[in-house]
Structure formats: structure tokens, C-alpha cells
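Put into C-alpha cells, the structure is as follows:
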């Protein structure tokens, strides 16, 4: 079992069942783990802001957490506005 699989299995045990992803090359171990951890459904987004917004909306509707998988600093910067919105909506 890889470290990435441990992370995803821990998230699944906490109730996470979906991951909105816009990964880059440095996140490939997590992408590969998403293929083996069947409890979490991966959803590809073409922009980080879409992924974080979708995770926020999913969480609000389902009343459960969702993951986002973003690429390094620039990906986080592109998604930070919706992370802020999700936090403020709590």
C-alpha cells in the first residue's frame, strides 16, 4: 500500500466519497491511487476554480466533505477564492 492510498483510504473512512481533481505531474501518485481506492469517485475538472466550486457545492448539498486535488502553488492560487467561500459559508 502506498502513501497516496493511505491518504485516500483515510479520507474515505472519514466519509469522503468524491474527489474533484485538476492534477499535474507531481500528483500522479494520488491520481493512481484514485484508481485503486474505489470508495472515492474521481471527477476531472479543467480549471482549479471549477474543482473547488464543485467540491463546495457538493458538500453543501450532500452535507459531507469532498476532496479537491490541485496542482502545486498555482493550482491552489486558482482555487483559493472558492475555498474561502466554502469556509465563510459554514
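Numbering (our numbering), first residue to last: 387 to 476.
Just so you know, even glycine gets a beta-carbon here, dropped at the ideal spot from N, CA and C.
Those residues which DSSP pairs with residue i across a bridge
{"i": "residue 404", "result": "427"}
{"i": "residue 454", "result": "406"}
DSSP state of residue i mapped onto helix, strand, coil
{"i": "residue 396", "result": "helix"}
{"i": "residue 432", "result": "coil"}
{"i": "residue 412", "result": "helix"}
{"i": "residue 474", "result": "helix"}
{"i": "residue 438", "result": "helix"}
{"i": "residue 388", "result": "coil"}
Closest Cα partner of residue i within the set the options
{"i": "residue 403", "options": "416, 453, 390", "result": "453"}
{"i": "residue 409", "options": "458, 400, 397", "result": "458"}
{"i": "residue 436", "options": "398, 406, 450", "result": "406"}
{"i": "residue 401", "options": "445, 442, 473, 450", "result": "450"}
{"i": "residue 420", "options": "434, 446, 387", "result": "387"}
**Item:** Inter-stretch contact (C-beta, 8 Å, three-pair minimum) for the stretch 421-429 and the stretch 457-470
**Value:** These segments do not touch.
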